[in-house]
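Undergrad:
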Amino acid sequence: MSDPKPQKKSGLLGNLAFNIIIPVVILTNLSSDEYLGPAWSIVAALIFPIGFGIWDLKQTSKINPFSVLGIVSVFLTGGISLLELPAEYIAIKEATIPAIIGIAVLITQRTSKPLLKVFVLSEQIINWENLNQSLENSGASNEFEKKMAISSYIVAASFFLSAALNYILAKVILVSPPGTTEYTEELGRMTALSYPVIVIPSMLMLIAALWYIFAQIKKLTGEDLDHFLADV
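When you line the sequence shown up against the numbering used here, it's residues 524 to 755, in that order.
#1: Got a sec, what are the start and stop residues for the alpha helix (DSSP H) residue 674 sits in?
#2: Helix, strand or coil: how does DSSP classify residue 553 here?
#3: For residue 647, which residues in the same chain have their Cβ closer than 7 angstroms to its Cβ, ignoring the five residues on either side in sequence?
#4: Does the distance from the C-beta atom of residue 727 to that of residue 678 stay below 8 angstroms?
#5: Which of the three DSSP states, helix, strand or coil, is assigned to residue 723?
#6: Looking only at DSSP bridge pairs, what is residue 649 linked to?
#7: Using DSSP with H/G/I as helix, E/B as strand and the rest coil, what is residue 581?
#8: Counting Cβ pairs closer than 8 angstroms, one from the stretch 729-745 and one from the stretch 643-662, do we hit at least three?
#9: Under the rule that 16 or more other beta-carbon atoms within 10 Å means buried, what is residue 547, buried or exposed?
#10: Mapping DSSP to helix, strand and coil, what is residue 702?
#11: In the structure shown, what three-state DSSP assignment does residue 637 receive?
#12: Tell me whether the beta-carbon of residue 696 lies closer than 8 angstroms to the beta-carbon of residue 713.
#13: So for residue 531, helix, strand or coil by DSSP?
#14: Between the Cα of residue 751 and the Cα atoms of 576, 650, 729, which residue gives the shortest distance?
#15: Quick check: the Cα distance between residue 718 and residue 702, rounded to an integer number of angstroms?
#16: Within the same chain, show all residues whose beta-carbon is closer than 6 angstroms to that of residue 603, passing over the 5 residues directly before and after it, in chain order.
#17: Can you tell me which of the three DSSP states residue 601 falls into?
#18: Give the straight-line distance between the Cα atoms of residue 689 and residue 580, rounded to the nearest whole angstrom.
#19: Would you tell me roughly how many angstroms separate the C-alpha atoms of residue 748 and residue 737, rounded to the nearest one?
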């Protein structure tokens, strides 16, 4: 009975602390030569999200492709920074990851396992057995598939928006030469700003997709949404 609470708490606090707060503090405050220096501060900052990502993968019995994608993204950021490649590479990398996810959402929409069910309509939210049965009874299964496609377009658009904002933010923030203390501090600033600048607009679009599909479920089945929510 006490297991679910710690898992929820560590998931929320752990993601914030290890992926955002600690790396930002290290990059913005410890990158000068009197502390860790530019290179070692990047290494130290990367240890936390990578370590947390690997731990999170071990905690779940199956591999989450998006956790793996996140770890790969962190490795790429570290590699580009430590090799002192031009900031353009960071900007391209920052835009490529969400763009790939957006394309995957559109492609998988035509398969039996659309990514929309991962981002918006997971089994933790929707009782699919009840919903599918109700849609069949009302003869609205085909119509619901069309509504799912529209919701997928909204979700994909949120990732394409994130890709564009990622690229713009990296181009605006990363202006110093790679390998310098200033560049490392800019990496920290970019990480800190990514949440208000990128995550909030993307989350609003995901919420819009969720609201839309929930409204369609109620409209097509004629039943209250509570009937289709998964038991917690």
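Note that CB positions come from ideal geometry on N, CA and C, so glycine has one too. The structure displayed is predicted, hence computed values, not measured ones.
TA: Taking the coordinates as given:
#1: Position 151 of the sequence shown, counting from 1, holds the residue named residue 674. Per DSSP, residue 674 belongs to the alpha helix (DSSP H) from 664-696.
#2: Position 30 of the sequence shown holds residue 553. Correct three-state label for residue 553: coil.
#3: Taking the sequence shown and counting its residues from 1, one reaches residue 647 at position 124. The residues are 753.
#4: Residue numbering aside, residue 727 sits at position 204 when the sequence shown is read from its first letter. Residue numbering aside, residue 678 sits at position 155 when the sequence shown is read from its first letter. Cβ distance not < 8 angstroms, so residue 727 and residue 678 don't count as in contact.
#5: The residue you call residue 723 lines up with position 200 of the sequence shown. Of the three classes helix, strand and coil, the one that applies to residue 723 here is helix, per DSSP.
#6: In the sequence shown, counting from the first residue as 1, residue 649 sits at position 126. In the DSSP output, where bridge partners are listed per residue, residue 649 has 752.
#7: The residue you call residue 581 lines up with position 58 of the sequence shown. Helix.
#8: yes
#9: The residue given as residue 547 occupies position 24 in the sequence shown. Counting Cβ neighbours within 10 Å, residue 547 comes out buried, since at least 16 surround it.
#10: Translated into positions along the sequence shown, residue 702 becomes position 179. Three-state DSSP puts residue 702 in coil, outside helix and strand.
#11: Here residue 637 corresponds to residue number 114 of the sequence shown, with the count starting at 1. Here residue 637 sits in coil by DSSP.
#12: Within the sequence shown, the letter at position 173 stands for residue 696. Within the sequence shown, the letter at position 190 stands for residue 713. A contact, by the Cβ cut-off of 8 angstroms.
#13: On the sequence shown, position 8 is the one that residue 531 refers to. Note that residue 531 scores 42 on pLDDT, short of 50, meaning its location in the model is unreliable and no value can be drawn from it.
#14: Within the sequence shown, residue 751 is the residue found at index 228, counting from 1. Measuring from the Cα of residue 751, the nearest candidate turns out to be 650.
#15: Here residue 718 refers to the residue found at position 195 of the sequence shown. Here residue 702 refers to the residue found at position 179 of the sequence shown. Roughly 25 angstroms between the two C-alpha positions.
#16: In the sequence shown, residue 603 corresponds to position 80, counting from 1. Once the five neighbours on either side are set aside, the close Cβ partners of residue 603 are 612, 613.
#17: Here the question's residue 601 lines up with position 78 in the sequence shown. Under the three-state reduction of DSSP output, residue 601 falls in the helix class.
#18: Here residue 689 refers to the residue found at position 166 of the sequence shown. Here residue 580 refers to the residue found at position 57 of the sequence shown. Distance between the alpha carbons of residue 689 and residue 580 is about 25 angstroms.
#19: By 1-based counting over the sequence shown, the position of residue 748 is 225. By 1-based counting over the sequence shown, the position of residue 737 is 214. Cα to Cα, residue 748 sits roughly 7 angstroms from residue 737.
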